[in-house]
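**Student:** Mind looking over this structure? Questions follow.
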Ligand code: NIG
Ligand code: FE
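Numbering (my numbering), first residue to last: 438 to 822.
Below you can see the structure in the form of structure tokens.
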């Protein structure tokens with residue numbers, strides 16, 4: 438296997454507190470690292486860098502772990518910029534537009550879905566994302582959801598079944614039948630390609646009891662659990678996620694004191710999606726309040742055509758820093774190791790020896806430039822295996 442040494446790294450963020458300066462960022466200055474095609478082999482001082490088959494000169498730029506985007510809805514057809522414009526003019530978001538994307542996605546060929554998903558994957562990768570979770574949820578039929586998870590699997594080992602996104606129009610008079618379908622035939626046909634199941638548990642989507650029944654059946658089918666919770670109101674999704682030991686509860690835009698305490702005492706990660714607040718013109722939740730209570734926080738793009746058509750993790754990080762009270766270091770940690778924890782992956786999100794060789798050489802001397810120079814793509818090189 439070919440080995441490579443990266444020399445002249447001005448600032449290396451490893452996210453391994455045992456390495457470097459002892460901070461959670463596990464930071465080394467004037468550093469070097471050695472990798473092979475799969476994993477990190479060595480991290481240390483530039484002066485001690487060993488030889489390797491190939492040499493990459495970082496030219497005094499910063500290196501960080503690749504971003505882990507733990508929440509996306511990448512496989513969809515069409516776009517909803519008219520809804521974005523209406524919200525900027527004061528219209529609220531209520532999830533109603535999901536039906537439009539469902540209609541467009543059902544009508545799209547697999548070839549078109551593959552092509553447009555690839556474009557979004559390319560955009561995420563160009564911005565330094567090296568792992569992408571992908572949800573289904575825009576067909577809402579047994580065959581359609583099976584098609585979407587099959588497509589998602591072409592790019593991701595972390596595919597999530599989201600048949601419980603909303604109740605489709607054809608079941609609006611019999612939502613119990615749809616809940617039964619999701620937890621029965623639809624789950625059974627999707628589970629082989631999925632690692633996770635998710636439910637949009639919120640006003641206008643699924644109730645806590647409906648969500649619980651679907652998630653319990655998903656758990657019995659061997660899937661890990663995630664929840665879209667408390668995006669639109671104080672609707673019980675966070676408490677349900679903690680009750681079920683879900684890996685992550687995502688959005689958390691409305692978290693009451695009881696939820697906060699329960700989250701802090703649990704191993705459920707709170708995944709914040711500031712792109713959704715940006716694109717729905719909603720108040721940003723305080724990440725500071727969660728962090729100060731001891732909650733583990735992740736950041737993700739939530740890339741979807743309705744509430745967050747964003748493929749740039751740098752923008753997400755900048756919003757979290759500017760609007761949610763995170764330090765730059767906390768936000769970069771949340772978009773790397775935080776995302777890995779939300780996906781229960783111990784091989785990514787950090788650069789300890791043995792970790793996957795997924796990293797970004799930034800076109801900047803310090804990682805803080807990711808937020809400081811918002812909107813610029815500061816990626817010099819992405820190394821992914
Ligand atoms: O995460 N909230 C539910 N699902 C998506 C939005 C889907 C849509 O509007 O198309 C979200 O924000
Ligand atoms: Fe989402």
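Glycine included, C-beta positions come from ideal geometry on N, C-alpha and C.
Keep in mind the model is a prediction, meaning the values are calculated, not measured.
(1) Tell me whether residue 747 counts as near the ligand NIG, meaning its Cβ is closer than 8 Å to at least one heavy atom of that ligand.
(2) Between which two residues does the beta strand (DSSP E) containing residue 533 stretch?
(3) Taking Cβ to Cβ, would you say residue 883 is nearer than 9 Å to residue 441?
(4) Please go through the same chain and pick out, in chain order, the residues whose beta-carbon is closer than 8 Å to the beta-carbon of residue 483, but skip the five residues on each side of it.
(5) Have a look at residue 459 and residue 486 and give me their C-alpha separation to the nearest angstrom.
(6) From residue 781 to residue 528, what distance separates their C-alpha atoms?
(7) If we call anything under 9 Å between Cβ atoms a contact, is residue 688 one with residue 599?
(8) Out of 577, 659 and 646, which one is the CA nearest neighbour of residue 619?
(9) Is there contact here, the region 801 to 811 with the region 774 to 789, by at least three beta-carbon pairs under 8 Å?
(10) Near residue 718, what residues of its chain come up, given a Cβ to Cβ distance below 7 Å and the 5 sequence neighbours on each side ignored?
(11) Please say whether residue 477 and residue 726 have beta carbons closer to each other than 9 Å?
(12) Assuming residue 818 is part of the beta strand (DSSP E), what are its boundary residues?
(13) With DSSP as the reference, please indicate the residues paired to residue 659 in a beta bridge.
(14) Output the residue ranges of the beta strand (DSSP E) runs that lie fully inside the region 747 to 808 and measure 3 residues or longer, sorted by chain position.
(15) Can you name, in chain order, every residue of its own chain whose Cβ lies under 7 Å from the Cβ of residue 701, other than the five neighbours on each side?
(16) What are the start and end residues of the alpha helix (DSSP H) that includes residue 740?
(17) Could you tell me if the beta carbon of residue 710 falls within a distance shorter than 8 Å of some heavy atom in the ligand NIG?
(18) Please identify the residue among 472, 454 and 592 whose C-alpha is closest to the C-alpha of residue 439.
(19) Cβ atoms of residue 681 and residue 652: under 9 Å apart, would you say?
(20) Using only the alpha-carbon positions, how far apart do residue 773 and residue 737 sit?
(21) With DSSP run on the structure shown, which of helix, strand or coil describes residue 513?
(22) Have a look at residue 823 and residue 711 and give me their C-alpha separation to the nearest angstrom.
**Tutor:** To lay it out plainly:
(1) Counting from one through the chain shown, the residue named residue 747 turns up at place 310. Every heavy atom of the ligand NIG is 8 Å or more from the Cβ of residue 747, so no.
(2) In the chain shown, the residue the question calls residue 533 occupies position 96. No beta strand (DSSP E) holds residue 533; DSSP gives it neither H nor E.
(3) Here the chain covers residues 438 to 822 and nothing more, so residue 883 does not appear.
(4) The sequence position of residue 483 within the chain shown is 46, counting from 1. So the list reads 444, 445, 446, 467, 468 and 469, once near-sequence residues are dropped.
(5) On the chain shown, residue 459 is found 22 positions in, with the first residue counted as 1. On the chain shown, residue 486 is found 49 positions in, with the first residue counted as 1. If you take the alpha carbons of residue 459 and residue 486, they lie about 21 Å apart.
(6) Position 344 of the chain shown, counted from the start, is the residue given in the question as residue 781. Position 91 of the chain shown, counted from the start, is the residue given in the question as residue 528. Residue 781 and residue 528: Cα-Cα distance of roughly 37 Å.
(7) Against the chain shown, residue 688 aligns to sequence position 251. Against the chain shown, residue 599 aligns to sequence position 162. Contact flag unset, no.
(8) As a working mapping, residue 619 is identified with position 182 in the chain shown. Cα-wise, what sits closest to residue 619 is 577.
(9) no
(10) The residue you call residue 718 lines up with position 281 of the chain shown. Around residue 718: 524 and 525.
(11) For this step, residue 726 is matched to residue 289 along the chain shown. For this step, residue 477 is matched to residue 40 along the chain shown. Their beta carbons are not under 9 Å apart, which means residue 726 does not touch residue 477 by this criterion.
(12) Here residue 818 refers to the residue found at position 381 when the chain shown is read from its first residue. It spans 816 to 821 - the beta strand (DSSP E) in which residue 818 sits, taken as one unbroken run.
(13) Position 222 of the chain shown, counted from the first residue, corresponds to residue 659. DSSP output for residue 659 lists no bridge partner at all.
(14) If only uninterrupted beta strand (DSSP E) runs of at least 3 residues are considered, those enclosed by the region 747 to 808 are 795 to 799.
(15) The sequence position of residue 701 within the chain shown is 264, counting from 1. So the list reads 730, 731 and 732, once near-sequence residues are dropped.
(16) For the purposes of this step, residue 740 is taken as residue 303 along the chain shown, with counting starting at 1. Membership of residue 740 in any alpha helix (DSSP H) is not indicated, and neither H nor E is assigned to it by DSSP.
(17) Indexing the chain shown from 1 puts residue 710 at position 273. Checking every heavy atom of the ligand NIG against the Cβ of residue 710, one is found closer than 8 Å.
(18) Residue mapping note: residue 439 aligns to position 2 of the chain shown, counting from 1. The candidate whose alpha carbon is nearest that of residue 439 is 472.
(19) Taking the chain shown and counting its residues from 1, the one referred to as residue 652 is at position 215. Taking the chain shown and counting its residues from 1, the one referred to as residue 681 is at position 244. Contact flag set, yes.
(20) As a position in the chain shown, residue 773 is number 336, starting the count at 1. As a position in the chain shown, residue 737 is number 300, starting the count at 1. Those two C-alpha atoms are separated by around 9 Å.
(21) For the purposes of this step, residue 513 is taken as residue 76 along the chain shown, with counting starting at 1. Coil at residue 513, not helix or strand.
(22) In the structure displayed, the chain extends from 438 to 822; residue 823 sits before or after that span and is not available.
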